[in-house]
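Participant: One structure follows; several queries about it will come next.
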Amino acid sequence: MNNSSLTVNGSSSLFTISQVTTPACMFAVGVFSNLVAIVVLCVSRKEKKETTFYTLVCGLAVTDLLGTCLTSPIVIDTYLAGFKWRGGQPLCDYFAFMLLFFGLAGMSILCAMAVERYLAINHPYLYGRHVRPATGRWALLAVYALNVLLCALPSMGVGRCVRQHPDTWCYIDWKKHDGPQKAFAFTYAVLSAALVLVTVCCNACVCAALVAMRRRASATRAAEGAARHGPRRSSPGGPGRFAVPAALAFGGSGVRQRRFALGCRLSGVEVQMMCLLVAMTAVFVVCSVPLVVRIFVNQLSSNSPQDEKSSQKLDLQAIRMASFNPILDPWVYILCRRKLLGRCVHLCRRLLCKMSENNATRPERRPPGDPVSVFTLPAPTDGTPRMERTECTHVGP
Numbered sequence: 001m002n003n004s005s006l007t008v009n010g011s012s013s014l015f016t017i018s019q020v021t022t023p024a025c026m027f028a029v030g031v032f033s034n035l036v037a038i039v040v041l042c043v044s045r046k047e048k049k050e051t052t053f054y055t056l057v058c059g060l061a062v063t064d065l066l067g068t069c070l071t072s073p074i075v076i077d078t079y080l081a082g083f084k085w086r087g088g089q090p091l092c093d094y095f096a097f098m099l100l101f102f103g104l105a106g107m108s109i110l111c112a113m114a115v116e117r118y119l120a121i122n123h124p125y126l127y128g129r130h131v132r133p134a135t136g137r138w139a140l141l142a143v144y145a146l147n148v149l150l151c152a153l154p155s156m157g158v159g160r161c162v163r164q165h166p167d168t169w170c171y172i173d174w175k176k177h178d179g180p181q182k183a184f185a186f187t188y189a190v191l192s193a194a195l196v197l198v199t200v201c202c203n204a205c206v207c208a209a210l211v212a213m214r215r216r217a218s219a220t221r222a223a224e225g226a227a228r229h230g231p232r233r234s235s236p237g238g239p240g241r242f243a244v245p246a247a248l249a250f251g252g253s254g255v256r257q258r259r260f261a262l263g264c265r266l267s268g269v270e271v272q273m274m275c276l277l278v279a280m281t282a283v284f285v286v287c288s289v290p291l292v293v294r295i296f297v298n299q300l301s302s303n304s305p306q307d308e309k310s311s312q313k314l315d316l317q318a319i320r321m322a323s324f325n326p327i328l329d330p331w332v333y334i335l336c337r338r339k340l341l342g343r344c345v346h347l348c349r350r351l352l353c354k355m356s357e358n359n360a361t362r363p364e365r366r367p368p369g370d371p372v373s374v375f376t377l378p379a380p381t382d383g384t385p386r387m388e389r390t391e392c393t394h395v396g397p
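Residues 1 to 397, numbered by the UniProt record's numbering, are exactly what the sequence shown covers, in order.
Pasting the structure below:
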């Protein structure tokens, strides 16, 4: 034994300490992170636990924990055995199935979270009518069942699992270009890419809807302030003209205004959920998309023997990046739900409100003769001069 190698089963220099330390530390941090996240979820308030979004977040945390516990020990054992795969083909099939299943299950749950937020924000009536707390549990069951059926196909002969460089992990045989192997590899890659695309599109739509909600709420607050403190209506030709938002000038609905104001107050919770989802999506895209890209590249290109070594290094980097996802996801949730997220949300809300106020007060060019709601300030009784004529922007909801 020396400082850089250990002796196992009578053979020396089978592995270095640094080689086995990296997967062991990743395993320990992954288990600890997901356990902390699950504990934090369990002590959340009761009303949070009853939401569909909360159920899906719990399912993602449990999925990440199981994926770490069921795959990392095999990698550590392989390093300890000096890069010798001691389980044969059955263990290789098991390991590949776990990587395929937990990778696709995580994407599916994240996509379900994005769709849930999209329906809640962009289609609230449809969401309130059809989505219940139990919907999250049924969605998790459907995700697990469908992914088990898909990822078990290589074990049934559709596709094939082989050991990958440096013989410490197994995955689908993405170097073969014949029928079953190519069909399964493309199916898995296309489905993964579709889940990522749907997730990103739903997040973009929800972010746009939240910004629009904030602007409407700011305009409504400005309109209510003008109604409380604005002047009384007089003759259109009076010298002291003052325009107010059309929602008030033309008898706008007070119920609509109160609904906008209520939406502004409630949007803080929605913004918090959205920040969490966007952060988790960013982590997932950075960690998991390279592996999906490698599947496409390996199927569409035929590497020469000289390029095979560099291709193997890229494959190894892709799977290592994917293994960081279950480690980072729980910390994203832990950090995003505490005071740090509250401060970020408060800053974002102030910024959005300021932008909305600037848009609401920005002067608008009107063609000559364009009608505008006109109000006249009454003549002052204390001898002060009358306000000069002003033309203000027509602000609508």
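Cβ atoms here follow ideal geometry from the backbone N, Cα and C, with glycine treated the same way.
Assuming residue 325 contacts residue 277 (C-beta within less than 8 Å), just tell me the rounded distance between them.
Facilitator: In the sequence shown, counting from the first residue as 1, residue 325 sits at position 325. In the sequence shown, counting from the first residue as 1, residue 277 sits at position 277. Not a contact, Cβ separation roughly 15 Å.
Participant: Within the continuous alpha helix (DSSP H) that includes residue 31, where are the two ends?
Facilitator: For the purposes of this step, residue 31 is identified with residue 31 of the sequence shown, where counting begins at 1. Residue 31 -> alpha helix (DSSP H) spans 17-42.
Participant: According to DSSP, simplified to helix, strand and coil, what is residue 158?
Facilitator: As a first step, residue 158 must be located in the sequence shown, where it is residue number 158. Residue 158: coil per DSSP, three-state reduction.
Participant: Which residue marks the beginning of the beta strand (DSSP E) containing residue 169, and which one marks its end?
Facilitator: Position 169 of the sequence shown, counted from the first residue, corresponds to residue 169. Element bounds for residue 169: 169-172.
Participant: For the alpha helix (DSSP H) that contains residue 81, what are its first and last residues?
Facilitator: On the sequence shown, residue 81 is found 81 positions in, with the first residue counted as 1. Careful: residue 81 lies outside any alpha helix (DSSP H) and carries neither H nor E.
Participant: Helix, strand or coil: which one does DSSP assign to residue 163?
Facilitator: Taking the first residue of the sequence shown as position 1, residue 163 is located at position 163. Of the three classes helix, strand and coil, the one that applies to residue 163 here is strand, per DSSP.
Participant: Here's the rule I'm using: 16 or more other beta-carbon atoms within 10 Å means buried, otherwise exposed. How should residue 330 be labelled?
Facilitator: Translated into positions along the sequence shown, residue 330 becomes position 330. So residue 330 ends up on the buried side.
Participant: What are the boundary residues of the alpha helix (DSSP H) that includes residue 117?
Facilitator: Counting from one through the sequence shown, the residue named residue 117 turns up at place 117. That run of the alpha helix (DSSP H) goes 88-122.
Participant: Note the first and the last residue of the continuous alpha helix (DSSP H) segment covering residue 135.
Facilitator: Within the sequence shown, numbered from 1, the residue matching residue 135 stands at position 135. Element bounds for residue 135: 133-151.
Participant: So, using beta-carbon positions, are residue 42 and residue 97 closer together than 7 Å?
Facilitator: Here residue 42 corresponds to residue number 42 of the sequence shown, with the count starting at 1. Here residue 97 corresponds to residue number 97 of the sequence shown, with the count starting at 1. No, Cβ-Cβ distance for residue 42 and residue 97 is not below 7 Å.
Participant: Using a Cβ-Cβ cut-off of 6 Å (strictly less than) and excluding sequence neighbours within five positions of residue 93, which residues of its own chain qualify?
Facilitator: Working through the sequence shown from its first residue, we reach residue 93 at position 93. Closer than 6 Å at Cβ, skipping near neighbours: 155, 161.
Participant: Quick check: what's the CA-CA separation for residue 207 versus residue 88?
Facilitator: The residue you call residue 207 lines up with position 207 of the sequence shown. The residue you call residue 88 lines up with position 88 of the sequence shown. Their backbone Cα atoms lie some 49 Å apart in a straight line.
Participant: Check whether the Cβ of residue 79 lies closer than 7 Å to any Cβ atom in chain C.
Facilitator: The question asks about chain C, but that chain is absent: this structure has only one protein chain.
Participant: Which class does residue 301 belong to by DSSP, given the choice of helix, strand or coil?
Facilitator: Your numbering for residue 301 matches position 301 in the sequence shown. Coil at residue 301, not helix or strand.
Participant: State buried or exposed for residue 284, treating a residue as buried only when at least 16 other CB atoms are found within 10 Å of its CB.
Facilitator: The residue given as residue 284 occupies position 284 in the sequence shown. Result: buried.
Participant: In whole angstroms, what is the alpha-carbon distance linking residue 400 and residue 273?
Facilitator: Residue coverage of the chain in this structure runs from 1 to 397, which leaves residue 400 outside it and unanswerable.
Participant: Which whole-angstrom value is the C-beta distance of residue 59 and residue 140, which I expect to be below 8 Å?
Facilitator: In the sequence shown, counting from the first residue as 1, residue 59 sits at position 59. In the sequence shown, counting from the first residue as 1, residue 140 sits at position 140. Yes, residue 59 and residue 140 are in contact; Cβ-Cβ is about 4 Å, under 8 Å.
Participant: What do you get for residue 101, buried or exposed, if any count of 16 or more other CB atoms within 10 angstroms of its CB means buried?
Facilitator: Indexing the sequence shown from 1 puts residue 101 at position 101. Buried: at least 16 other Cβ atoms inside 10 Å.
Participant: For residue 184, tell me which candidate among 159, 200, 146 has the shortest Cα-Cα distance.
Facilitator: Here residue 184 refers to the residue found at position 184 of the sequence shown. Answer by Cα proximity: 159.
Participant: Can you tell me whether residue 173 is buried or exposed? The criterion is at least 16 other CB atoms within 10 Å of its CB, across all chains shown.
Facilitator: In the sequence shown, the residue the question calls residue 173 occupies position 173. The residue is buried, with at least 16 neighbouring Cβ atoms inside 10 Å.
Participant: Quick check on the burial criterion: 16 or more other C-beta atoms within 10 angstroms. Buried or exposed for residue 209?
Facilitator: Position 209 of the sequence shown, counted from the first residue, corresponds to residue 209. Answer is buried; the Cβ neighbour count reaches 16.
Participant: Since I believe residue 57 is in contact with residue 333 (beta carbons under 8 Å), could you give me their beta-carbon distance rounded to a whole number of angstroms?
Facilitator: Here residue 333 corresponds to residue number 333 of the sequence shown, with the count starting at 1. Here residue 57 corresponds to residue number 57 of the sequence shown, with the count starting at 1. Correct: roughly 6 Å between the Cβ atoms.
Participant: Beta carbon of residue 52, beta carbon of residue 115: below 7 Å?
Facilitator: To locate residue 52, count along the sequence shown from 1; it is residue 52. To locate residue 115, count along the sequence shown from 1; it is residue 115. Not in contact: residue 52 and residue 115 (Cβ atoms no closer than 7 Å).
Participant: Rounded to whole angstroms, how far is the Cβ of residue 107 from the Cβ of residue 195, which I believe are closer than 8 Å?
Facilitator: For this step, residue 107 is matched to residue 107 along the sequence shown. For this step, residue 195 is matched to residue 195 along the sequence shown. Contact flag correct, Cβ pair sits at about 4 Å.
Participant: Are the Cβ atoms of residue 175 and residue 34 separated by less than 7 Å?
Facilitator: In the sequence shown, residue 175 corresponds to position 175, counting from 1. In the sequence shown, residue 34 corresponds to position 34, counting from 1. The answer is no: Cβ separation not under 7 Å.
Participant: Can you list, in chain order, the residues of its chain with a C-beta nearer than 8 Å to that of residue 182? Leave out the 5 residues immediately preceding and following it.
Facilitator: Here residue 182 refers to the residue found at position 182 of the sequence shown. So the qualifying residues of the chain are 176, 299.
Participant: Would you identify the three-state DSSP class for residue 253, choosing helix, strand or coil?
Facilitator: Here residue 253 refers to the residue found at position 253 when the sequence shown is read from its first residue. Residue placement at residue 253 is flagged as unreliable, the pLDDT there being 41, under the threshold of 50; a coordinate-derived value is accordingly withheld.
Participant: Would you mind sorting residue 22 into buried or exposed? The rule is 16 or more other CB atoms within 10 Å of its CB.
Facilitator: Here residue 22 refers to the residue found at position 22 of the sequence shown. Exposed: under 16 other Cβ atoms inside 10 Å.
Participant: What whole-angstrom Cβ distance do residue 31 and residue 65 have, given they're in contact under 8 Å?
Facilitator: One-based indexing of the sequence shown puts residue 31 at position 31. One-based indexing of the sequence shown puts residue 65 at position 65. With a Cβ gap of about 7 Å, residue 31 and residue 65 count as contacting.
Participant: My output table needs one value for residue 64: the three-state DSSP class, helix, strand or coil.
Facilitator: In the sequence shown, residue 64 corresponds to position 64, counting from 1. Helix, per DSSP.
Participant: Where does residue 315 fall in DSSP's three states?
Facilitator: For this step, residue 315 is matched to residue 315 along the sequence shown. Reduced to three states, the DSSP call for residue 315 is helix.
Participant: Taking the straight line between their C-alpha atoms, what separation do you get for residue 25 and residue 86?
Facilitator: Translated into positions along the sequence shown, residue 25 becomes position 25. Translated into positions along the sequence shown, residue 86 becomes position 86. Each residue's alpha carbon lies about 22 Å from the other.
Participant: In the structure shown, what three-state DSSP assignment does residue 182 receive?
Facilitator: Your numbering for residue 182 matches position 182 in the sequence shown. Here residue 182 sits in helix by DSSP.
Participant: Please list, in chain order, all residues of the same chain as residue 328 whose beta carbon is under 6 Å from its beta carbon, the five residues on each side excluded.
Facilitator: On the sequence shown, residue 328 is found 328 positions in, with the first residue counted as 1. So the qualifying residues of the chain are 283.
Participant: In the structure shown, what three-state DSSP assignment does residue 262 receive?
Facilitator: Your numbering for residue 262 matches position 262 in the sequence shown. For residue 262, the predicted model reports a pLDDT of 41, less than 50, meaning its position is unreliable and no value from the coordinates is stated.
Participant: Taking the alpha-carbon of residue 179 as reference, which of 164, 157, 163 has the nearest alpha-carbon?
Facilitator: On the sequence shown, residue 179 is found 179 positions in, with the first residue counted as 1. Nearest C-alpha to residue 179: 157.
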